[in-house]
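*Asks:*
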Amino acid sequence: MRHWSPDTLAVRGGLARSTFDETSEGLFLTSGYVYSSAQEAEAARPEVAKPLGAAEAAIRSKQYEQAQVQIGKAEAVKGRSAYENFLIEQTAGVLAQAKGDVDEALKDFKELLSSSRLPAAEKPRMEQTIAGLLFQKQD
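In our numbering, the protein residues as written are -9 to 129.
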């Protein structure tokens, strides 16, 4: 048996072949960073996040027209990501509920519930909100 130098072994070490007659070493390109949720992996761009933050503040202070203007600014941003659209829909649903627009809130919240972006832990709360809105609509 030949005694190869470490450098030669590093180059020739991949010569052992399996029964599949491959022509090179397999590459395992599976490393990467894993996030705990899609929301953590994505972030809204400032041109979307800033007006949505302003809309939330306006909703808290019952300035619903101003909130709608801010949501419109976020909606006007070109090339929005799916996550940004999710955040816009969520804010629009909160606004509709705050204004007492049950039909619009139901539409928005049902869309959020069917979204893959809604964390599983939030689904029961969203279902309760929808159930409450449906009960309100009965009156």
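Beta carbons: idealized from backbone N, C-alpha and C, even for Gly.
Please classify Asp98 as buried or exposed, where buried requires at least 16 other C-beta atoms within 10 Å of its C-beta.
*Replies:* Under this definition Asp98 is a buried residue.
*Asks:* Please return the same chain residues whose Cβ sits closer than 7 Å to the Cβ of Glu32, not counting the five positions on each side in sequence.
*Replies:* Same-chain partners within the cutoff: Ser71, Tyr73.
*Asks:* Please list, in chain order, all residues of the same chain as Ala44 whose beta carbon is under 7 Å from its beta carbon, the five residues on each side excluded.
*Replies:* Excluding residues within five positions, the ones whose Cβ falls inside 7 Å are Gln60.
*Asks:* Using alpha carbons as the reference points, say which of Gly62, Gln53, Ser51, Leu85 lies closest to Lys40.
*Replies:* Per the Cα distances, Gly62.
*Asks:* How big is the Cα-Cα spacing for Tyr54 and Ile78?
*Replies:* Spanning the two alpha carbons is a distance of roughly 15 Å.
*Asks:* Looking at Ser105: is its Cβ nearer than 9 Å to the Cβ of Phe76?
*Replies:* Yes, they are a contact pair.
*Asks:* I need the DSSP call for Arg115, collapsed to helix, strand or coil.
*Replies:* Helix, per DSSP.
*Asks:* On the DSSP letters alone, give me the boundaries of the alpha helix (DSSP H) that Val67 sits inside.
*Replies:* No alpha helix (DSSP H) holds Val67; DSSP gives it neither H nor E.
*Asks:* Short of 8 Å in beta carbon distance, which residues of its chain neighbour Glu117, apart from the five on each side in sequence? Order them along the chain.
*Replies:* Closer than 8 Å at Cβ, skipping near neighbours: Leu103.
*Asks:* Classify Gly83 as buried or exposed, calling it buried when 16 or more other Cβ atoms lie within 10 Å of its own Cβ.
*Replies:* Answer is buried; the Cβ neighbour count reaches 16.
*Asks:* Give me the Cα-Cα distance between Gln58 and Glu65, rounded to the nearest whole angstrom.
*Replies:* Approximately 10 Å, taken between the alpha carbons.
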